[in-house]
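Have a look at the structure below, then the notes.
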Amino acid sequence: MKIVMLDGETVPLSLPTGQVQADWVIRPQTSASDVVAALAGATVAITNKVALRADTLDQLPGLRFICVAATGYDCIDLDACRARGILVSNVPGYSTQSVAESVIAAIFALRRQLMAYALNTRTDWPQAAHFCLHRQPIQDIAGATLGIVGKGDIGQAVGQLAQALGMQVQYAERKGRDRVREGYVSFEQMLATSDIISLHCPLSEQTRQLIDRQALRQMKPHAQLINTARGGLINEDDLAAALKQGVIGGAALDVLSSEPPAADNPLLADLPMLLLTPHIAWASRSGVENLVSGVMTNIAAFVQGQPVNLVR
Numbered sequence: 031m032k033i034v035m036l037d038g039e040t041v042p043l044s045l046p047t048g049q050v051q052a053d054w055v056i057r058p059q060t061s062a063s064d065v066v067a068a069l070a071g072a073t074v075a076i077t078n079k080v081a082l083r084a085d086t087l088d089q090l091p092g093l094r095f096i097c098v099a100a101t102g103y104d105c106i107d108l109d110a111c112r113a114r115g116i117l118v119s120n121v122p123g124y125s126t127q128s129v130a131e132s133v134i135a136a137i138f139a140l141r142r143q144l145m146a147y148a149l150n151t152r153t154d155w156p157q158a159a160h161f162c163l164h165r166q167p168i169q170d171i172a173g174a175t176l177g178i179v180g181k182g183d184i185g186q187a188v189g190q191l192a193q194a195l196g197m198q199v200q201y202a203e204r205k206g207r208d209r210v211r212e213g214y215v216s217f218e219q220m221l222a223t224s225d226i227i228s229l230h231c232p233l234s235e236q237t238r239q240l241i242d243r244q245a246l247r248q249m250k251p252h253a254q255l256i257n258t259a260r261g262g263l264i265n266e267d268d269l270a271a272a273l274k275q276g277v278i279g280g281a282a283l284d285v286l287s288s289e290p291p292a293a294d295n296p297l298l299a300d301l302p303m304l305l306l307t308p309h310i311a312w313a314s315r316s317g318v319e320n321l322v323s324g325v326m327t328n329i330a331a332f333v334q335g336q337p338v339n340l341v342r
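Sequence positions in the sequence shown follow this note's numbering and run 31 to 342.
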C-alpha cells in the first residue's frame, strides 16, 4: 500500500510512519499541477490544504482513502469521492483547546489595546510627563458580550472560557433562519448586541462572506471581530474599509481567504486595530501532537478495514 502526504511541511512534527507498514511518501508541499503525479499508484492520500477535486480524482483510479490532516474538509470534493467510492476522514477536535485559548488571547489583545501600547512604549514613555501613558481607551473583558457564530466543539470551548472570565455569551442562529432555536439568538441580534464576535462555523456556500459590509455596519461601533475559522467567512475588502473608517473597533484574524495571501490583500495594509497572525491558532504543542495522533489513528483504522472519523 502506498500512502502519500501532500503537504507535510504544514505539520511541524513528523508522522510516526513506522506505526503502519506501507510505502510512505511525505512530500513537503505539492502544487496543484503536481497532485496527480504525486498520487500515482497511491491508495491513501493525506492532505491538509491541498485540494482534491473531481477532475483530479478522475485521474486517480487507485485512490481509496483520503485523510484530511485537519478538522475542516472544504478542500475535498465529497460528492466526487462518494461517486468514486473514496472514503474521507478528518481529525475532529484536535485543536479545540489551542484555538479556544487563541481566541481568548485575541480578546485580551484587542480589549486591552496591547498592540498599540506595546508599540509606543519604547518611543513615547521615556518622554512622558507622568508615570503612565493614557492613549487608546482600555476596555474590560468581564461584563462584555461575546457573540459566537458556530456552536461546535471550539465555539462551545470559547464560550466556556469566556464565561469563566465573566463575559456574557450568546450563540448566533444561522443567518436567514426564520425560527431561532433554543439557546441561540438571531444572527442580526447577535451582530447588534455583541461587543466581540468570534467566528467558528465551517465555510460553505451559505456562510461564504457571512461578514460583509452590511453585517459590519450592524455591529456596534466599538465591537471587535475575531476569525480563527476560515478566511472566506469575511469579505476582506469590506473589513479593510470598515477598519479604515472606524465602522468597528478592531479585528483579530488568524485566517485569510487565500493562504499564503497575495501581496495586495487589503488586510495586509497598515490598518488600525488589526491583529493578523499566519493561521497558527491551532498549533500549540498539544494541538500538533493531537493532530499527528489523529492522522495515524485514521490511517491505521483504514488499513485494518474499520475506518473511523468518516465525513459524509
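All residues carry an ideal CB built from backbone N, CA and C; glycine is no exception.
Smallest Cα separation from D88: which of V65, K79, A100, V80?
That would be V65, whose Cα lies nearest to the Cα of D88.
Helix, strand or coil: which one does DSSP assign to W54?
DSSP places W54 in strand when its eight states are reduced to three.
Please classify I168 as buried or exposed, where buried requires at least 16 other C-beta atoms within 10 Å of its C-beta.
Answer is exposed; the Cβ neighbour count stays below 16.
Could you tell me the distance, in whole angstroms, from the CA atom of F332 to the CA atom of G324?
For F332 and G324, the distance between alpha carbons rounds to 12 Å.
Closer than 8 Å by C-beta to A330: which residues in its own chain qualify, once you throw out the five before and the five after it? Chain order, please.
Once the five neighbours on either side are set aside, the close Cβ partners of A330 are Q49, V50.
Measuring alpha carbon to alpha carbon, tell me which residue in G206, E218, A202 is nearest E8.
This structure leaves residue 8 out entirely; the chain is present only between 31 and 342.
To the nearest angstrom, report how far apart L69 and V118 are at their CA atoms.
Taking the straight line from one Cα to the other gives about 16 Å.
What residue does the beta strand (DSSP E) around N257 start on, and which one ends it?
Counting along the chain, the beta strand (DSSP E) containing N257 begins and ends at 254 to 257.
Measure the alpha-carbon distance for L298 versus G335 and round it to whole angstroms.
When rounded, the distance between both Cα atoms is 46 Å.
Just grab the DSSP bridge partners of A75 for me.
Paired residue(s): V34, I96.
Using the Cα positions of I227 and M220, report the straight-line distance between them to the nearest angstrom.
Rounded to the nearest angstrom, the two C-alpha atoms are 8 Å apart.
For Q199, does the three-state DSSP call read helix, strand or coil?
The sequence shown places Val at residue 199, not Gln. It is a strand residue.
Alpha carbons only, please: which of G206, D300, I184 is nearest the one belonging to Q236?
When only C-alpha atoms are compared, the closest one is G206.
I'd like to know if the stretch 51 to 62 and the stretch 98 to 118 are in contact, where contact means that at least 3 CB-CB pairs between them fall below 8 Å.
Verdict: no, contact absent.
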